[in-house]
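Here's the structure we're looking at; comments come further down.
Residue numbers (full-length UniProt numbering): 1 to 783.
Next comes the structure, spelled out in structure tokens:
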């Protein structure tokens, strides 16, 4: 029976894992490729008279041991600073030569002259070299042009020379250092001369978009075949083709993204996408999904944007009078913005604009730019980007709610007593009012069952005055931190939707859910218009929703405003007056705002607090870890782990006790507690010593995706240092993690002298003999 039980659980895991893999493959097919996205509308130019090589004070990468802090995710490092190569409005591209990456910068402005030189940066040696052309004539000095890489060439288009805008196209061949200007058919259409545009290569063509022609801002899109697609020489006659642009909603496949930029009075911070297959533009939004998410960066220009994995990264630029140095990330799956917080010890760049940014593997390099109005930079910065698989916490909990799996509380809602199922642990984490009702129901059930057999089945809680539709939306927010009152964004401003959301707001007040109040208030403020303002005002008055009424004048016609003011003045002149009412309303608004600021927690934070405080009070299963007993909740475990879902569905544990391990190994209590924090709230902050055990457990417990495993792998490699490598090596040997073990042995071999002479020598003496032999072999091979 035990063997059959394990077999069925594993079979269930494999089935779920197969489904997850299929979903991941579909997501990968829909996600953009890094090479397809270029949205850096800065330009370049440079002039040089002699070959010059400068070395950074940072030293050679060859002297860095693996586990360098610069490899830490979101760690900014100053690679070097070059006084002679200061510039802005230049371009920079990455090119692979003999298996190594090199960066090429062209052109720009250094405050003294407009430039047209080529700079070559050796990433491994950390040196810039000014490269003179061997053949051909380089482009005229220029800046705010564009540059792309096509096969073994760099293509330079347009820009401003200091006297005029250009629409010429030059090719620079990296291997031969050969410049050539492309010739275009004189009879065919071509882009107007322009500056401050963007360019990219997609599907065998170079594309250019937008820019400024000296009189007006442009939004046209052109393309021309590049050499790799048909093998033509630069001297052949080329042609441009203008792409059609229409406005229907495209699918998120093979897409160009454009963010912000300078458009005069029409400037915005919207993110646009262009689908090549349908030639359609659209604005990316999730207007039908409400939640407390970070706002988009402010409208900005002179910034850089690149893509890595499923994220777009935006750095720098100027907004208003402020020069930015923040790095923003846009998640293409979740359609949400976030600020990338620098890792501890980072050397964050000063705010800058008109710099250049390129992606090399998983690192972003920033070079040059204006750090102040007339101050040019020659600094090179590097940051290690991350693109882990998306956090599925909200999705997992949302699916749990929809499935009605393992529900332990039944709400009888409204006068018709509609049955709505839920889980006590989530309600306890997110609503004081609901959990008090659950406690009352528990006490009543206990008194009723005194001296009798306890009643089986879910606990029943009655909410006769509550609207069932509004309550379902409340539960959706409890589990996912989001509301989706309608399927289509076009219906968000319907009067029926607004009235429903006002009922949700009333319940949020009753249920003491300040975060939900904030979300609904933001929605109502954004949706009030001249078509629904009267109905909204009347309903807000009935419900006493002062924050909602606060916006009623903004959308009213002037004659109606005058009428409202006249009536108010007549009321104010009455004996009762209106001063006390106005003061009371202001006090309510202020108290409401303070409550939101002080008590608004996200789903992740609420679940983390629940796990560490009142969680054991609502536990329905005990996890047995060696001698340790840990209180947990079936619903949370099943929502997040395929292993527990299969176990609780098919084989309810005897006495509500489950023995847990990481495969064949029983982890430390600290390691398992870290895993529980990931399960409950998505927290991945863990010490390196625990990462190996947890990485080994990811497949065993069958999570929705490989997010935790990817995090563990990257951070194990990054955080291994000569000071902790022996501890990690020993643990990797115990749990048979061959990949981590091999990596640790390489670190030991490269830093053998430091380890033998340091504090790790005592640990070395305690290692098993067979492991010492493997270390000796690794050191010999390294020598």
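Cβ atoms here follow ideal geometry from the backbone N, Cα and C, with glycine treated the same way.
For residue 339, there is no enclosing alpha helix (DSSP H); the residue is part of the beta strand (DSSP E) that begins and ends at 336-339.
Per DSSP, the unbroken alpha helix (DSSP H) holding residue 782 starts and ends at 769-782. Rounded to the nearest whole angstrom, the C-alpha separation of residue 383 and residue 329 is 13 Å.
By the Cβ criterion, the segment 597-612 is not in contact with the segment 362-374, since fewer than three pairs of Cβ atoms, one from each stretch, lie closer than 8 Å. DSSP, read as helix, strand or coil, puts residue 600 in coil.
For residue 688, the enclosing alpha helix (DSSP H) has its first and last residue at 688-701. The segment 614-629 makes contact with the segment 667-676, as at least three CB pairs between them are under 8 Å.
With fewer than 16 other CB atoms across the displayed protein chains lying within 10 angstroms of its CB, residue 687 is exposed. Its chain contains 412 as the residues whose beta carbon lies nearer than 6 Å to that of residue 462, once the 5 sequence neighbours on both sides are disregarded; these appear in chain order. The beta-bridge partner set that DSSP reports for residue 103 consists of 94 and 121. Following the DSSP letters along the chain, one finds residue 743 inside the alpha helix (DSSP H) bounded by residues 738-750. If you check the CB distance, residue 370 and residue 381 do not come in under 8 Å. Between the segment 422-435 and the segment 632-639 there are three or more inter-stretch CB-CB distances shorter than 8 Å, so the stretches are counted as touching. In the DSSP assignment, the residues bridged to residue 657 are 622. Beta-bridge partners assigned by DSSP to residue 262: none are found. Close CB contacts of residue 351 within its chain, under the 6 Å cut and outside five residues either way in sequence, are with 323, 324 and 325 (chain order). Annotated three-state conformation of residue 225 is strand, per DSSP. Bridge pairing for residue 146: 157 [DSSP].
In this structure, the beta-carbon distance from residue 239 to residue 224 falls below 8 Å. At the C-beta level, residue 99 and residue 142 stay beyond 8 Å of one another.
For residue 505, the enclosing alpha helix (DSSP H) starts and ends at 495-510.
Leaving aside the five residues that flank residue 309 on each side, the residues in its chain whose CB is nearer than 7 Å to its CB run, in chain order, 387. Taking a contact as a CB-CB distance under 8 Å, the pair residue 121 and residue 103 counts as one, their CB atoms being some 4 Å apart. Only exposed fits residue 753, as fewer than 16 other CB atoms lie within 10 angstroms of its CB.
For residue 645, the CB contacts under 6 Å within the same chain, skipping 5 residues up- and downstream, are 638 in chain order. For residue 159 against residue 144, the beta-carbon gap comes to about 6 Å, under 8 Å, which counts as contact.
The bridge partners DSSP lists for residue 421 are 410.
Put simply, the segment 466-479 touches the segment 494-513. At least three CB pairs are less than 8 Å apart. In this structure, residue 397 sits near residue 479, with a CB-CB distance shorter than 8 Å.
Judged by DSSP secondary structure, residue 273 falls within the beta strand (DSSP E) whose first and last residues are 271-275. A contact between stretches requires three or more CB pairs, one per stretch, nearer than 8 Å, and the segment 645-663 fails this requirement with the segment 607-618. By the C-beta density criterion, residue 339 is exposed, having fewer than 16 other C-beta atoms within 10 angstroms. Under the three-state reduction of DSSP output, residue 183 falls in the strand class.
Between the segment 514-528 and the segment 433-452 there are fewer than three inter-stretch CB-CB distances shorter than 8 Å, so the stretches are not counted as touching. Taking a cut-off of 8 Å for Cβ pairs, the segment 128-137 and the segment 198-210 do not touch, as fewer than three such pairs fall below it. Around the beta-carbon of residue 780, fewer than 16 other beta-carbon atoms lie within 10 Å, marking it exposed.
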